[in-house]
Structure formats: C-alpha cells, structure tokens
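A.B. asks:
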Amino acid sequence: MKKITILPFIILLAGCQSITVLDPKSSTGKEQAYLIWFSLAIMAIVLLVVFILFTRFVIRYRYTEKKSEFIPQDIKGNLKYELTWTIIPFILLAVLAVPTLKITFDQSPKTEAETNTNGIHINVTAEQFRWTFEHKNSKTVHNELIIPENKDITFHLSSKDVIHSFWIPELAGKVDVIPNKELIYVIKNAEIGEYDGKCAEFCGIQHANMTFDVKVVSMEKYNQYLKQSSNQENED
Amino acid sequence: MGGIVVISVLKYKKLPVIWEFMRTTNHRKIGTLYILFGFIFFLRAGIDALFIRSQLAVPNNDFWVFQFEKYNEVFTTHGTMMIFFAATPMLLGLMNIAVPLQIGARDLAFPFLNAVGFWLFFTGGMLFNIAFFLNSAPAIGWTGYAPLSTSLFTLGVGSDFYVFSLQISGLGTIFTALNLIVTIVRMRAPGMKFTRMPLFTWATLITAFLILVAFTVLAIGLYLLMFDRMFGTKFFHGPDGDPVYWQHLFWIFGHPEVYILALPAFGIFSDIISTFSKKRVFGYPAMVLSIVLIGFLSFMVWVHHMFTVGLGPVTNTIFAITTMAIAVPTGIKVFNWLFTMRGGVLRFTTPMLFSLGFIPSFVMGGVTGVMLSVSAADFQFHDSHFVVAHFHYVIIASTILGIFAGIYYYYPKITGFVLDEKLGKWHFWLFLIGFHLTFFPMHISGLNGMPRRVYTFRVGEGLEITNLLSTIGAFTMGISMLFFFYNLFKTHKKGEKVGNDPWDGRTLEWTVGSPSPEHTFTPMPFVEETDPFWYAKLRRERIKTTKEHRASPISRDSILPFLMTITLGFMSFCMIYKWYVPAIILGAGVFSFFVIRAFHDERAEHYGKEQTDDE
Numbered sequence: 430m431k432k433i434t435i436l437p438f439i440i441l442l443a444g445c446q447s448i449t450v451l452d453p454k455s456s457t458g459k460e461q462a463y464l465i466w467f468s469l470a471i472m473a474i475v476l477l478v479v480f481i482l483f484t485r486f487v488i489r490y491r492y493t494e495k496k497s498e499f500i501p502q503d504i505k506g507n508l509k510y511e512l513t514w515t516i517i518p519f520i521l522l523a524v525l526a527v528p529t530l531k532i533t534f535d536q537s538p539k540t541e542a543e544t545n546t547n548g549i550h551i552n553v554t555a556e557q558f559r560w561t562f563e564h565k566n567s568k569t570v571h572n573e574l575i576i577p578e579n580k581d582i583t584f585h586l587s588s589k590d591v592i593h594s595f596w597i598p599e600l601a602g603k604v605d606v607i608p609n610k611e612l613i614y615v616i617k618n619a620e621i622g623e624y625d626g627k628c629a630e631f632c633g634i635q636h637a638n639m640t641f642d643v644k645v646v647s648m649e650k651y652n653q654y655l656k657q658s659s660n661q662e663n664e665d
Numbered sequence: 006m007g008g009i010v011v012i013s014v015l016k017y018k019k020l021p022v023i024w025e026f027m028r029t030t031n032h033r034k035i036g037t038l039y040i041l042f043g044f045i046f047f048l049r050a051g052i053d054a055l056f057i058r059s060q061l062a063v064p065n066n067d068f069w070v071f072q073f074e075k076y077n078e079v080f081t082t083h084g085t086m087m088i089f090f091a092a093t094p095m096l097l098g099l100m101n102i103a104v105p106l107q108i109g110a111r112d113l114a115f116p117f118l119n120a121v122g123f124w125l126f127f128t129g130g131m132l133f134n135i136a137f138f139l140n141s142a143p144a145i146g147w148t149g150y151a152p153l154s155t156s157l158f159t160l161g162v163g164s165d166f167y168v169f170s171l172q173i174s175g176l177g178t179i180f181t182a183l184n185l186i187v188t189i190v191r192m193r194a195p196g197m198k199f200t201r202m203p204l205f206t207w208a209t210l211i212t213a214f215l216i217l218v219a220f221t222v223l224a225i226g227l228y229l230l231m232f233d234r235m236f237g238t239k240f241f242h243g244p245d246g247d248p249v250y251w252q253h254l255f256w257i258f259g260h261p262e263v264y265i266l267a268l269p270a271f272g273i274f275s276d277i278i279s280t281f282s283k284k285r286v287f288g289y290p291a292m293v294l295s296i297v298l299i300g301f302l303s304f305m306v307w308v309h310h311m312f313t314v315g316l317g318p319v320t321n322t323i324f325a326i327t328t329m330a331i332a333v334p335t336g337i338k339v340f341n342w343l344f345t346m347r348g349g350v351l352r353f354t355t356p357m358l359f360s361l362g363f364i365p366s367f368v369m370g371g372v373t374g375v376m377l378s379v380s381a382a383d384f385q386f387h388d389s390h391f392v393v394a395h396f397h398y399v400i401i402a403s404t405i406l407g408i409f410a411g412i413y414y415y416y417p418k419i420t421g422f423v424l425d426e427k428l429g430k431w432h433f434w435l436f437l438i439g440f441h442l443t444f445f446p447m448h449i450s451g452l453n454g455m456p457r458r459v460y461t462f463r464v465g466e467g468l469e470i471t472n473l474l475s476t477i478g479a480f481t482m483g484i485s486m487l488f489f490f491y492n493l494f495k496t497h498k499k500g501e502k503v504g505n506d507p508w509d510g511r512t513l514e515w516t517v518g519s520p521s522p523e524h525t526f527t528p529m530p531f532v533e534e535t536d537p538f539w540y541a542k543l544r545r546e547r548i549k550t551t552k553e554h555r556a557s558p559i560s561r562d563s564i565l566p567f568l569m570t571i572t573l574g575f576m577s578f579c580m581i582y583k584w585y586v587p588a589i590i591l592g593a594g595v596f597s598f599f600v601i602r603a604f605h606d607e608r609a610e611h612y613g614k615e616q617t618d619d620e
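Those protein sequence lines, which keep their order, are chains H and P.
Using the working numbering, the letters of the first sequence correspond one by one to residues 430 to 665.
Using the working numbering, the letters of the second sequence correspond one by one to residues 6 to 620.
(1) Determine, using beta carbons only, whether P/I108 and P/H83 come nearer to each other than 8 Å.
(2) Which of the three DSSP states, helix, strand or coil, is assigned to P/L160?
(3) Is it buried or exposed, P/K552, if we count other Cβ atoms within 10 angstroms and call 16 or more buried?
(4) Cutting at 8 Å between CB atoms, please list the residues of its own chain near P/F567, excluding the five before and the five after it.
(5) Suppose the cutoff is 8 Å on Cβ atoms and the five residues either side in sequence are ignored; what does the same chain contact list for P/V314 look like?
(6) Mind listing the chain H neighbours of P/M27? Cutoff is C-beta to C-beta under 8 Å, in chain order.
(7) P/S403 versus chain H: which residues are under 8 Å apart at the beta carbon?
(8) Would you mind sorting P/P522 into buried or exposed? The rule is 16 or more other CB atoms within 10 Å of its CB.
(9) For H/Q594, name the three-state secondary structure that DSSP assigns.
(10) Please check the pair H/I582 and H/H564, which I expect to be a contact at CB under 8 Å, by giving their CB distance rounded to whole angstroms.
(11) Roughly how many whole angstroms lie between the Cα atoms of H/K495 and P/V350?
(12) Judging by CA-CA distance, which residue of H/V479, H/K568, H/V645 and H/Q635 is the nearest neighbour of P/L153?
(13) So, for P/T320: in the same chain, excluding its five sequence neighbours on each side, which residues have a beta-carbon less than 7 Å away from its beta-carbon?
(14) Since P/S475 contacts P/M447 with CB under 8 Å, what's their CB separation in whole angstroms?
(15) Check distances from the C-beta atoms of the stretch 604-616 of chain H to those of chain P and list, in chain order, the residues that come in under 7 Å.
(16) What span of residues does the beta strand (DSSP E) with H/L586 cover, start to end?
(17) Does any residue of chain P bring its CB to less than 8 Å from the CB of H/H636?
(18) Would you mind sorting P/D112 into buried or exposed? The rule is 16 or more other CB atoms within 10 Å of its CB.
(19) Along chain H, which residues have their Cβ under 8 Å away from the Cβ of P/S380?
(20) How is H/D535 classed by DSSP in three states: helix, strand or coil?
(21) Where does the unbroken alpha helix (DSSP H) through H/V604 begin, and where does it stop?
(22) By the criterion of Cβ-Cβ separation under 9 Å, what are the contact partners of P/E553 in chain H?
(23) Is P/D618 helix, strand or coil when you go by DSSP?
(24) Out of curiosity, what's the CA-to-CA distance linking P/F344 and H/A470?
(25) Is H/S647 buried or exposed, if buried means 16 or more other CB atoms sit within 10 Å of its CB?
(26) Less than 8 Å between the beta carbons of P/E78 and P/A142, yes or no?
(27) Taking only runs that begin and end inside the stretch 303-360 of chain P, name each unbroken alpha helix (DSSP H) of 4 or more residues, in chain order.
(28) So P/V372 contacts chain H; which residues on that side make the cut at Cβ distance below 7 Å?
(29) Quick one: grab the DSSP three-state call for P/P530.
(30) Using CA atoms only, rank isn't needed, just tell me which of P/P116, P/Y167 and P/G146 is closest to P/I135.
(31) Could you confirm whether any beta carbon from chain P is found closer than 8 Å to the beta carbon of H/Y651?
(32) 8 Å is my cut-off, CB to CB: does H/S456 come that close to chain P?
(33) Would you list the one or two residues that DSSP bridges to H/D645?
(34) Whose C-alpha, out of P/A270, P/V286 and P/W584, is nearest the C-alpha of P/S360?
(35) Suppose the cutoff is 7 Å on Cβ atoms and the five residues either side in sequence are ignored; what does the same chain contact list for P/A291 look like?
(36) Check the C-beta distance from P/I211 over to P/G300 and give it rounded, since I have them as a contact under 8 Å.
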C-alpha cells in the first residue's frame with residue numbers, strides 16, 4: 430500500500446534524471462546517489478503522511494458560522510497515538526541508518542593511505558586560488574586533472590594556505606583540503622568523459638573561480654599523457 | 006534615511022519618548038526595543054539578500070559592484086546579521102514581552118541587567134554596521150572559518166569587527182538568558198507549577214539554558230580568534246594550532262544556536278495553534294519532554310557540519326546516528342500540533358496562518374535535514390546550495406514565520422492595536438509563496454553542482470532556470486514586507502485600541518491591559534490548571550486571585566546601562582584599530598560605571614512604597 434502512495438513522487442522525480450549529482454559517473458558517486466534516493470524515498474513517506482493529515486484537518490475543522498458557539502471536546506492527549514508517532518519514525522531511521530553506516534565507513538576520507546597498490550595515486554595541492562595535480566612520475570599540472578577510467582584513484586590532498594574543498598559533482602562528494610594535514614580520498618571506477626571540478630569551501634576573493642577541468646580517459650591515453658612533458662601540456 | 010528619522014523626530018516632538026526608552030528597564034519596553042532594532046537589522050540583512058540574488062539571477066552576471074570582495078562581504082553580512090542581530094534579538098524581544106505576562110510576573114527578575122543585555126546587543130549591532138560605512142566589512146562567511154579569518158589571510162580590520170561585535174552582543178544574550186532562567190524559576194504566580202506553564206515559557210526556559218552554554222563556547226572561540234588576530238598566538242594555524250579547533254568550537258555553539266532559534270518559535274506556534282483551535286495542546290507532557298530532548302541532543306550533533314573534514318569513519322557514523330535521533334522528538338511535536346487542530350474550531354487569523362504555513366514548510370526542511378545526516382550522501386550536499394536550501398527552510402519556516410506570528414499575535418500587548426487582518430493575509434501569502442519559490446529550486450541548484458558562496462556560475466551547468474526562479478522568489482518576499490509596513494502605518498493611523506483579550510486567549514497575558522501596563526498582576530492570580538484564563542471564561546468566573554505576598558522586581562529608569570555599553574562599544578572600536586591608550590581609558594570608564602552601579606541602587610527611593618501598593 431505504501432509503495433503505491435510514493436509512486437507519484439518517484440514519477441515526479443524521474444524527470445530529474447539529468448540532475449548532475451543524481452546521475453553520477455563513478456561507482457563512488459553511484460553509492461552516494463543511491464543513498465540520496467533511498468533517504469528521499471523514506472522521507473517522502475513522512476512528508477506524505479504529514480501533508481495528508483494537515484490538509485484534512487485544515488479543511489475539516491475550519492471555522493464556519495455554524496460552529497461559532499461550539500466548544501470542542503477537551504482532549505489532553507492519547508498515549509497510543511503518541512507512541513505510534515514515536516516508534517514508527519524510529520524504525521524508519523533505523524532502516525535508513527544501515528546503508529548509511531555501511532557506505533560512510535567505506536567512503537569517509539582518512540588521514541592515512543591504505544596499501545592499495547592497484548590504484549593510481551595523485552597528489553592534490555590547493556592554494557589561493559589554484560589546484561595543482563602531481564602524477565606518479567612527478568608530472569605536475571595546474572587546474573587540469575586527467576585520470577584513467579575504471580580504476581581506484583587515490584587522492585592525497587593538502588593545502589598550502591587556507592581550507593579548500595575538493596569537489597567533482599559528477600564523480601563524488603567533497604573532501605576538505607586542510608593545511609598541515611594530508612587527507613586521503615578514493616574515487617572508484619570513473620567513466621570516460623569531461624567534468625567540472627570546483628572548490629566548495631569559501632577560501633577568499635577568487636573562491637568562485639577556483640575551478641578545474643576533469644577528463645577521464647582510457648588507460649592507454651593516460652599513460653601517453655604521463656609521458657608528455659608537463660610544459661607542453663599546461664603553462665601555468 | 007537617518008536624516009528623515011532625525012527630522013521626523015524633531016517635527017513630532019518625540020525626543021522625550023526616545024529619552025524614556027533609553028532609560029527604561031521595563032520588560033515590555035525593552036522587548037519592544039529588541040524587536041524594533043532586530044527588525045531594522047533584519048531589513049538590512051534582507052536587502053543584502055536581494056543584492057546576492059540580483060547578482061546570481063543570470064549566469065556570468067556583473068550586477069553593479071557585487072562581485073568578488075563586495076559579494077563576499079555581502080553574504081557574510083547577510084548571514085551574520087540574520088542570525089545574531091535579527092533572528093535572535095527579535096525572539097528575545099518576544100520573550101521579554103510575553104514571558105513575564107504568561108507566568109504572572111511583574112517584570113524580569115533583574116530589570117537593570119535586562120537593559121544592559123539589550124544595550125549590549127544594540128552596541129554590537131551598531132559596531133557591526135559601522136564596518137560597512139568604513140569600507141571594512143568582514144568577508145569570511147558567517148562561520149568565520151580559520152585560518153581564513155586569522156590575520157594571516159584577512160589583513161584588514163573587517164574580521165576584527167566580526168569578532169568584537171559578536172563578542173559584545175553575545176555577552177548581552179547570555180545576560181538576558183540568565184535573567185529569563187531566574188525569572189521563570191523564581192517569579193511564577195502562586196500555583197503555576199512547571200507542569201502548568203504555557204509552552205512558550207517552557208521553550209524559553211530550555212532556550213535560555215542552551216544560550217548559556219552555547220554562547221559561552223562562542224565567546225571562548227571568539228576570544229581565542231581575537232588573540233590569534235591581535236596578539237600573535239597560533240591557536241588556529243601553524244604547526245601547533247589547528248584550524249579544525251575553530252570549527253569544533255564554532256559548531257558546538259552553532260548547532261545549539263539553530264535550536265535557540267527554533268525552540269522559542271515552537272513555543273509560539275504551540276500557544277497560537279492551541280488558541281485558534283479552541284483546544285488545549287495535545288499531549289502537553291510529550292511536548293515539554295520533546296523540547297527538553299531536542300535541547301539536550303542539540304549539543305551532541307555538531308560534527309554533522311564537519312563530515313568532510315576527515316575526522317574518520319567512526320566519528321562520521323556516530324554523529325550521523327545522533328543527528329537522525331533528533332528527528333524523533335521533532336516529529337512528535339509536529340504530530341502533536343496536527344492533533345491539537347483535530348476536532349477543534351480553526352480560526353484563520355493572521356497569526357494562525359503563519360503557524361499553519363510553518364507546519365508543512367518546516368517538515369520539508371526537516372526531511373532534508375535527515376537526508377543531510379546520511380553522512381556519505383552529505384559529501385555531495387555539503388557546502389552546496391542544497392544546504393543553503395535546507396537551513397533556510399528550517400530557519401525561515403520556524404524562526405521567521407514564528408516571529409511574524411508572534412508579532413501579529415502580541416501586537417495588542419505591545420501597542421494596544423490589532424494589526425489589519427486583510428493586509429496581514431497579503432503579507433503572509435506573498436511571503437510564503439516567495440519563500441518556497443526562492444528556496445525550493447536551490448535544492449536542485451545544489452544537486453546540479455552549485456557550491457555556496459560563489460558569485461557567479463557559467464552557462465550550460467544547468468543552473469540558469471533554478472537561479473532565476475530563486476531571484477524572483479526573493480523579490481516576492483521583499484514585496485511582501487511592503488504590505489507589512491503599510492499595515493503598521495494603516496493600523497496606527499486608524500488608531501482603534503482593543504481590549505485586554507482580542508484573540509479569545511487562554512493564558513494569563515490576556516488578562517492584563519493592552520498595551521501591558523507597568524504595574525500588572527495586582528492582586529496576584531492564583532493558577533490551578535494550564536490555560537487558566539480559558540477555563541475561567543468557560544465557567545464564566547473571574548480568574549482566582551490571592552492576597553499572598555511575593556517579592557517582585559522593581560523596574561526604575563536608569564541611563565547607566567546605555568552609558569556602560571556605549572562606552573564598551575567605543576572601547577572595542579579603539580581595540581579594533583589598535584588604539585590602545587584610548588581603549589584603556591574607555592575600559593576604565595566602563596569599570597567606573599560598574600563601581601557607580603555597585604554603590605547606587607536606583608530602587609532605594611521606591612522601597613517601602615511597593616508594599617503599601619500591594620496591600
């Protein structure tokens with residue numbers, strides 16, 4: 430029964446498939462999008478119940494001339510009802526908590542790298558107002574990130590000055606870039622394409638322009654790219 | 006603007022009124038001042054919001070000068086002013102006016118301290134506004150994250166204005182909270198047990214405790230930041246310090262602050278919904294218990310603002326769970342409000358409309374709150390316009406609608422007039438529609454990758470339509486305020502005074518005159534149930550009174566609070582510019598006012614008289 434009531438919502442939201450974050454291009458991003466959809470579905474149940482009760486009560490019990498002398502029954506409360514709307518939200522939240530915990534445990538940024546030899550490691554340095562990406566052969570480029578598809582990309586993030594935040598909406602969520610502390614964030618299995626990267630933490634006058642281009646390419650192209658000298662690729 | 010005020014003051018010979026309000030320690034007058042100045046700052050911050058929305062209306066916009074530094078200053082001012090100098094003081098104003106009347110007290114426990122609290126807020130607000138005219142408004146966001154806010158990265162005095170003005174007004178807020186706690190615990194009418202207190206008073210009591218803890222933490226944070234900025238310490242940067250310390254301190258204050266704004270509004274809505282449904286609040290004990298629980302839990306969730314800081318998976322998951330837990334007591338309140346309406350007779354007056362508008366809007370903000378607590382999903386939401394949408398949904402739906410509901414509801418107690426209902430409804434509907442039109446599209450902007458605090462976006466990011474809608478909505482809200490002004494103007498011009506009880510109220514505040522006189526509750530009311538006035542009216546009796554005697558505060562005019570805080574304001578101004586010699590002199594001045602106060606009791610001449618009045 431409940432499934433039927435949320436159906437219109439899902440149809441409504443199906444129109445939003447083109448929304449960037451809900452249509453991610455990496456498995457990290459897909460897990461996050463799944464969580465967003467799942468929590469939205471559970472919360473839609475709550476919204477719907479409140480909206481229906483609210484509309485019904487407002488219409489049914491509104492003041493009319495007939496009721497001008499009417500004194501409503503003096504009700505103090507109802508333990509059964511109140512327990513219902515304490516326990517059911519509890520259950521809904523418990524259901525929501527399970528995938529939240531699992532995915533959060535996998536994805537939370539860490540302070541130490543795991544021994545993940547398969548992955549590609551890239552050092553990311555943020556400063557006002559520029560991103561620097563250093564690949565494994567010390568190839569260093571600014572404001573352009575090129576990574577291979579279908580790999581675990583491990584980012585080692587650090588900042589030279591204030592706090593920035595590393596965000597590629599199409600691929601995965603944010604992670605802060607903090608001075609004097611290296612954070613590790615892993616993005617898994619990106620798909621080929623061109624995406625926008627941004628700084629998401631307010632960092633000063635040019636914060637809005639602290640963006641970078643992301644290209645996900647095939648492994649061969651990535652290896653080729655590494656061999657090109659950095660000067661050719663990008664002048665400061 | 007200032008000129009017009011000066012001219013009209015002189016023309017209508019209002020100087021004596023201003024002099025009276027500068028010296029007053031009466032709770033209604035101080036409450037009025039709180040609301041008045043809170044509202045002025047609300048307008049200023051609202052105009053900032055319109056600047057922000059004008060700049061973001063279309064992609065690659067160059068609206069006037071509001072890009073780069075100016076834009077950063079504008080959003081910093083908007084956030085800081087709205088939270089510290091608009092929402093909080095307007096709520097404190099409503100508490101000041103209504104709480105003593107609701108519990109049958111003559112005034113707050115410490116009238117002098119109450120005046121000091123107000124003037125501290127006033128001084129802080131003025132100091133913050135002066136920064137704008139000196140072209141050194143802070144540009145660090147209302148959260149003032151280190152190390153950007155330290156002297157390494159913001160060299161000018163802008164951030165110092167932020168530190169000092171928040172410090173001063175925060176101190177005032179702490180004083181007022183202390184005052185409210187003592188008043189509610191000590192000054193209730195005979196027979197008004199805790200279990201018979203109106204819910205607005207309950208909410209005020211819990212809020213006051215939250216203020217006491219949260220604003221103290223803020224004061225500590227600001228103090229450390231001041232040392233970092235002015236005296237070369239390194240708490241928030243360098244190898245020994247850590248910028249994340251600031252975030253912990255700020256959010257241990259900042260999260261309870263959200264509930265400091267929401268709980269009093271919950272209280273106002275409870276009273277209004279009950280009054281205009283002709284029913285007592287459904288499940289009173291559960292309502293009180295959930296306020297207490299929300300207050301308690303609000304101190305255990307601050308890390309949900311820091312999921313992306315890298316505190317580790319364990320911390321992230323623990324705080325995800327505690328954050329979800331807060332939804333349960335909030336949900337209890339929502340359903341209890343709904344069931345208060347069930348079976349009642351709903352009168353759609355303006356205060357009731359604001360309260361009804363609150364329920365669905367707030368629930369929409371609440372569910373996105375639960376979505377944000379899903380920590381891995383929060384990596385996507387964090388610092389995007391989705392978050393901007395969420396907290397505006399929660400804060401505007403609870404605090405701002407609550408303040409408007411409270412102003413319309415208590416307007417007779419403040420001035421003796423009832424605001425015009427028809428204009429009130431225009432105000433409500435335009436505001437509500439504008440509000441949803443502004444902030445609903447922001448959810449989608451955020452999910453389309455729009456970070457907060459950016460002054461521009463490009464064509465082709467899928468952000469054009471949603472941003473344009475938001476801007477239209479913001480101006481609709483702006484227009485709704487014009488109806489409110491016209492309402493004030495029209496009501497006062499018409500000048501029809503109303504009696505004690507224009508709304509058919511239920512609690513003690515509706516038994517006293519409108520506007521509430523300085524000498525109330527003689528003889529003392531004797532309270533035997535919740536909503537005593539309502540049941541007395543049903544039984545066609547007068548409310549019971551008692552000859553019992555009770556110590557009551559005496560409010561006497563004094564200019565000292567004003568002088569004290571203004572001197573403190575000038576001292577802070579000198580500190581900001583590092584003029585230490587005048588700062589020391591002014592500091593000594595503040596201290597000497599303390600000494601004068603210690604040896605001078607303005608109530609002395611009044612002792613003895615009061616007793617004879619009562620008997």
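C-beta atoms are modelled at their ideal positions from N, C-alpha and C, and glycine is treated no differently.
Since the model is a prediction, treat every value here as computed from it, not as a measurement.
C.D. replies: Once the coordinates are examined:
(1) no
(2) coil
(3) exposed
(4) M27, R28, A120 and W124
(5) V249 and Q252
(6) Within chain H, no residue comes near P/M27; the closest Cβ sits about 39 Å away, beyond 8 Å.
(7) By Cβ distance, chain H contributes nothing, its closest Cβ being about 15 Å from P/S403, past 8 Å.
(8) exposed
(9) Looking at the sequence shown, residue 594 of chain H is not Gln but Ser. In the three-state reduction of the DSSP assignment, H/S594 falls in the strand class.
(10) Between H/I582 and H/H564, the beta carbon gap of about 11 Å keeps them out of contact (Cβ cut-off 8 Å).
(11) 11 Å
(12) Closest option to P/L153, judged by alpha-carbon separation, among H/V479, H/K568, H/V645 and H/Q635: H/Q635.
(13) For P/T320, where only same-chain residues beyond five positions count, the Cβ hits under 7 Å are V308.
(14) 6 Å
(15) V604, D605, I607, P608, N609 and L612
(16) D581 to S588
(17) yes
(18) Buried: at least 16 other Cβ atoms inside 10 Å.
(19) T529, T533 and S537
(20) helix
(21) First-last for H/V604: A601 to V606, but that is the beta strand (DSSP E), not the alpha helix (DSSP H).
(22) In chain H, no part has a C-beta under 9 Å from the C-beta of P/E553; the shortest such distance is about 28 Å.
(23) Here the model assigns P/D618 a pLDDT of 47, short of 50, so the residue's position is not dependable, and the following value carries that caveat. Residue state, collapsed to three classes: helix.
(24) C-alpha separation (whole angstroms): 25 Å.
(25) Label assigned to H/S647: exposed.
(26) yes
(27) 318-330 and 332-346
(28) M472, V475 and L476
(29) strand
(30) P/Y167
(31) no
(32) For H/S456, the answer is no, since every Cβ of chain P falls outside 8 Å of its Cβ.
(33) It should be noted that the sequence gives Val, not Asp, for residue 645 of chain H. Paired residue(s): H/I576 and H/G622.
(34) P/A270
(35) I337 and N341
(36) Their Cβ separation, rounded to whole angstroms, is 4 Å, which keeps P/I211 and P/G300 in contact under 8 Å.
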